[in-house]
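Inspection log for the structure reproduced underneath, given as structure tokens.
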Amino acid sequence: MTLSRTLSRTLVAGVAASALVMAGCSSDGSGGSGSAAGSSGSANSGGANSSAASDGITDADNPTEGPQRIVAATSDVAALLLQITEGERVVAVPATAKSDAAGASARYARGVQGTLPPGTHPEVEQVLSYEPDFVLATARHGGEKTFSEQLEATGVRTLVLEPDAFNTPEGIAKATREIGEAIGQPHKADQLASTFEKELAELDEQAKANDNAQSSDQKHSPSTLALMVRGPKTMVMDSGLMIPTLITRAGGTYAGDALGVHNTRPIDAEQLLTARPDILFLEDFQGGGRQAYARLLDNPAVADVPAIKNDRVYVIPMKDASAVSGLHTTAGYETIIKALAK
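Structure (structure tokens):
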């Protein structure tokens with residue numbers, strides 16, 4: 313997967329004035345406090361440690377020369393930004409970044425003053441109300457693409473990462489380094505990415521060892537399927553998403569390919585019977601757990617699906633393996649490796 317800066321602009325002298333004008337259109341009450349907190353260019357987010365000697369900064373980095381008022385407009389980039397900065401210089405993140413489901417980075421997110429509403433339609437006016445000198449985002453959904461285009465027109469320096477970067481571990485490592493470079497903390501970002509890559513390599517070896525431990529007549533690549541829920545719909549993931557990517561990496565066979573799943577789509581009992589996976593992985597969306605899938609999995613028609621019959625159904629939190637799991641993705645990968653080895 314490739315990662316690129318699709319939008320990158322340097323601020324000009326008139327941007328601050330432009331941001332102030334746009335801020336008047338914001339309906340978010342927190343935007344006003346964000347602006348007041350940042351009347352000086354060196355102000356940090358409310359609640360965050362303003363010391364330059366924070367644990368989030370290495371001696372080799374010089375964040376004071378980077379942007380001082382950063383907004384992460386989407387949850388995927390927020391997870392990485394928060395792990396690099398520990399909340400320093402970040403003035404607004406999406407509400408989802410502050411939830412328990414966000415994992416380790418949530419503790420930093422809760423120290424960030426500004427909160428953007430959840431959803432896939434960020435508002436330019438609201439983002440500008442925080443007077444950012446740098447905005448991070450992805451353009452995964454239609455609303456986010458429109459947002460990126462509108463933001464570019466304001467002249468605010470922006471880094472929009474390709475959404476595919478968050479579907480593979482390698483993409484996450486690369487995105488971490490690119491964000492670090494853009495915000496003046498390249499060494500901290502490289503340390504985090506290198507540690508992540510080391511953990512990933514160790515897990516790759518574990519997966520290989522599990523495969524080698526099987527005798528030639530026992531070798532079998534389990535058929536697997538990954539499901540997700542959005543609203544009332546239970547959906548089967550396409551092979552390009554994080555969990556299917558990790559399944560294949562760990563040595564499993566992704567059954568979605570045999571079903572002809574080229575894009576994530578709803579799945580019913582008949583299709584699950586056709587796939588007959590040995591193992592099912594369920595994304596835990598906002599704490600719903602397995603119960604969110606009860607309508608499909610408790611249907612008597614699928615009782616003989618091997619994964620259900622043999623109780624090989626595993627719930628993986630979004631914070632461990634998803635587009636927003638960031639540097640914690642190794643936790644989900646480890647869960648998948650262990651499940652395939654049973």
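For what it's worth, this note's numbering labels the leading residue of the sequence shown as 313, then goes sequentially.
Here a beta-carbon is modelled for each residue, glycine too, at the ideal position from N, C-alpha and C.
Every value quoted in this text rests on a predicted model; they were computed, and no experiment measured them.
Own chain residues within Cβ distance below 6 Å of T576, not counting five before or after: Along the sequence shown, one-based indexing puts residue 576 at 264. Once the five neighbours on either side are set aside, the close Cβ partners of T576 are M547, M549, D550.
Can you tell me the Cα-Cα spacing of N522 and T386, whole angstroms? Counting from 1 along the sequence shown, the entry for residue 522 is found at position 210. Counting from 1 along the sequence shown, the entry for residue 386 is found at position 74. For N522 and T386, the distance between alpha carbons rounds to 37 Å.
For G378 versus I495, is the C-beta distance shorter than 9 Å? What you label residue 378 is simply residue 66 of the sequence shown in a count that begins at 1. What you label residue 495 is simply residue 183 of the sequence shown in a count that begins at 1. Going by C-beta atoms, G378 is nearer than 9 Å to I495.
Would you call H532 buried or exposed, if buried means 16 or more other Cβ atoms sit within 10 Å of its Cβ? Stepping through the sequence shown from its first residue, residue 532 is reached at position 220. H532 is exposed by the Cβ-count criterion.
By DSSP's criteria, G426 is part of a beta bridge. Which residues make up the other side? Along the sequence shown, one-based indexing puts residue 426 at 114. Beta-bridge pairing links G426 to A404.
Between A656 and L652, how many whole angstroms is the CB-CB distance? I'm expecting something under 8 Å. The displayed coordinates of the chain run from 313 to 654. Any statement about residue 656 would go beyond what the structure contains.
So what does K545 bridge to, in DSSP terms? Within the sequence shown, numbered from 1, the residue matching residue 545 stands at position 233. K545 pairs with R542.
What are the partner residues of P578, as DSSP defines its beta bridges? The sequence position of residue 578 within the sequence shown is 266, counting from 1. Answer is M547.
So P589 and L537 are supposed to be a Cβ contact under 8 Å. How far apart are they, rounded? Mapped onto the sequence shown, residue 589 falls at position 277. Mapped onto the sequence shown, residue 537 falls at position 225. Between P589 and L537 the beta-carbon gap is near 4 Å, inside 8 Å, which marks them as a contact.
Along the beta strand (DSSP E) that carries V627, what are the first and last residues, could you check? Stepping through the sequence shown from its first residue, residue 627 is reached at position 315. Taken as a continuous stretch (DSSP letters only), the beta strand (DSSP E) holding V627 covers 625-629.
Nearest candidate by alpha-carbon position, reference I555, set E514, A501, P498, D632: Here residue 555 refers to the residue found at position 243 when the sequence shown is read from its first residue. I555 has its Cα closest to that of D632, out of E514, A501, P498, D632.
Buried or exposed: which applies to A606, given that a residue is buried once 16 or more other Cβ atoms fall within 10 Å of its Cβ? Within the sequence shown, residue 606 is the residue found at index 294, counting from 1. Of the other Cβ atoms in all chains shown, fewer than 16 fall within 10 Å of the Cβ of A606; this residue is therefore exposed.
In chain order, what residues of the same chain lie with their CB nearer than 6 Å to the CB of R624, ignoring the 5 residues before and after it? Residue 624 sits at position 312 when you count from the first residue of the sequence shown. I591.
Give me whichever residues DSSP pairs with F593 in a beta bridge. Your numbering for residue 593 matches position 281 in the sequence shown. In the DSSP output, where bridge partners are listed per residue, F593 has A538, Y626.
Pair within 9 Å by beta-carbon distance, G601 and L392: Translated into positions along the sequence shown, residue 601 becomes position 289. Translated into positions along the sequence shown, residue 392 becomes position 80. Not a contact, by the Cβ cut-off of 9 Å.
Per DSSP, the bridge partner or partners of V472: For the purposes of this step, residue 472 is taken as the residue at position 160 of the sequence shown. In the DSSP output, where bridge partners are listed per residue, V472 has A449.
Could you give the distance in angstroms between the alpha-carbon of E646 and the alpha-carbon of I628? Sequence index remark: in the sequence shown, residue 646 carries index 334 (1-based). Sequence index remark: in the sequence shown, residue 628 carries index 316 (1-based). Between E646 and I628, the C-alpha separation is close to 11 Å.
Helix, strand or coil for Y566, going by three-state DSSP, please let me know. Working through the sequence shown from its first residue, we reach residue 566 at position 254. Three-state DSSP puts Y566 in a strand.
Looking only at its chain, what residues have a beta carbon closer than 6 Å to the beta carbon of F478, apart from the 5 residues adjacent to it on each side? Position 166 of the sequence shown, counting from 1, holds the residue named residue 478. Within the same chain, F478 has close Cβ partners D388, A635.
CA-to-CA distance, R452 to T641, given in whole angstroms: Walking along the sequence shown from the start, residue 641 turns up at place 329. Walking along the sequence shown from the start, residue 452 turns up at place 140. If you take the alpha carbons of T641 and R452, they lie about 19 Å apart.
According to DSSP, is V383 part of a helix, a strand, or is it coil? Taking the sequence shown and counting its residues from 1, one reaches residue 383 at position 71. Note: V383 maps to strand in three-state DSSP.
For a test of your reading of the model: does the CB of G563 fall under 8 Å from any non-hydrogen atom of the ligand FMN? Yes or no. The ligand content of the structure shown is nil, which means the ligand FMN is not present either.
Please state whether the Cβ-Cβ distance between G492 and I396 is less than 9 Å. As a first step, residue 492 is located in the sequence shown; it is residue number 180 there, counting from the start. As a first step, residue 396 is located in the sequence shown; it is residue number 84 there, counting from the start. It is a contact, given that the beta carbons lie within the stated cut-off.
Look at the alpha carbon of L571 and the alpha carbon of A587, and state the distance between them as a whole number of angstroms. Counting from 1 along the sequence shown, the entry for residue 571 is found at position 259. Counting from 1 along the sequence shown, the entry for residue 587 is found at position 275. About 7 Å.
Can you tell me whether T507 is buried or exposed? The criterion is at least 16 other CB atoms within 10 Å of its CB, across all chains shown. Walking along the sequence shown from the start, residue 507 turns up at place 195. With fewer than 16 Cβ atoms within 10 Å of its Cβ, T507 is classed as exposed.
Count the other CB atoms, across all protein chains shown, that sit within 10 Å of the CB of A404; report buried if there are 16 or more and exposed otherwise. Taking the sequence shown and counting its residues from 1, one reaches residue 404 at position 92. Note on A404: 16 or more other CB atoms within 10 angstroms of its CB, so buried under the neighbour-count rule.
Do P430 and T408 have their CB atoms nearer than 9 Å? Reading the sequence shown from its first residue, position 118 is the one you call residue 430. Reading the sequence shown from its first residue, position 96 is the one you call residue 408. Against a cut-off of 9 Å, the Cβ pair of T408 and P430 comes out as a contact.
Rounded Cβ spacing between D373 and K500 (contact assumed at less than 8 Å): If you number the sequence shown from 1, residue 373 lands on position 61. If you number the sequence shown from 1, residue 500 lands on position 188. At roughly 6 Å, the Cβ-Cβ gap stays under 8 Å, so D373 and K500 are in contact.
Helix, strand or coil, according to DSSP, for G496 in the structure here? Along the sequence shown, one-based indexing puts residue 496 at 184. In the three-state reduction of the DSSP assignment, G496 falls in the coil class.
Return the Cβ separation of T565 and P534 in integer angstroms, given the expectation that the two are a contact with Cβ distance under 8 Å. For the purposes of this step, residue 565 is identified with residue 253 of the sequence shown, where counting begins at 1. For the purposes of this step, residue 534 is identified with residue 222 of the sequence shown, where counting begins at 1. The Cβ separation is near 7 Å, so the contact holds.
Mark R542 as exposed unless 16 or more other C-beta atoms lie within 10 angstroms of its C-beta, in which case mark it buried. Within the sequence shown, numbered from 1, the residue matching residue 542 stands at position 230. So R542 counts as exposed.
From D580 to F593, what distance separates their C-alpha atoms? What you label residue 580 is simply residue 268 of the sequence shown in a count that begins at 1. What you label residue 593 is simply residue 281 of the sequence shown in a count that begins at 1. Distance between the alpha carbons of D580 and F593: 16 Å.
Beta-carbon proximity list for A291, same chain, < 8 Å, skipping 5 on both sides: The structure shown has nothing for residue 291, since the chain only spans 313 to 654.
K545 burial status per 10 Å Cβ neighbour count (16 or more: buried): Position 233 of the sequence shown, counted from the start, is the residue given in the question as residue 545. K545 is exposed by the Cβ-count criterion.
Give a yes or no on whether the C-beta atoms belonging to P406 and L440 are separated by under 9 Å. In the sequence shown, counting from the first residue as 1, residue 406 sits at position 94. In the sequence shown, counting from the first residue as 1, residue 440 sits at position 128. Going by C-beta atoms, P406 is not nearer than 9 Å to L440.
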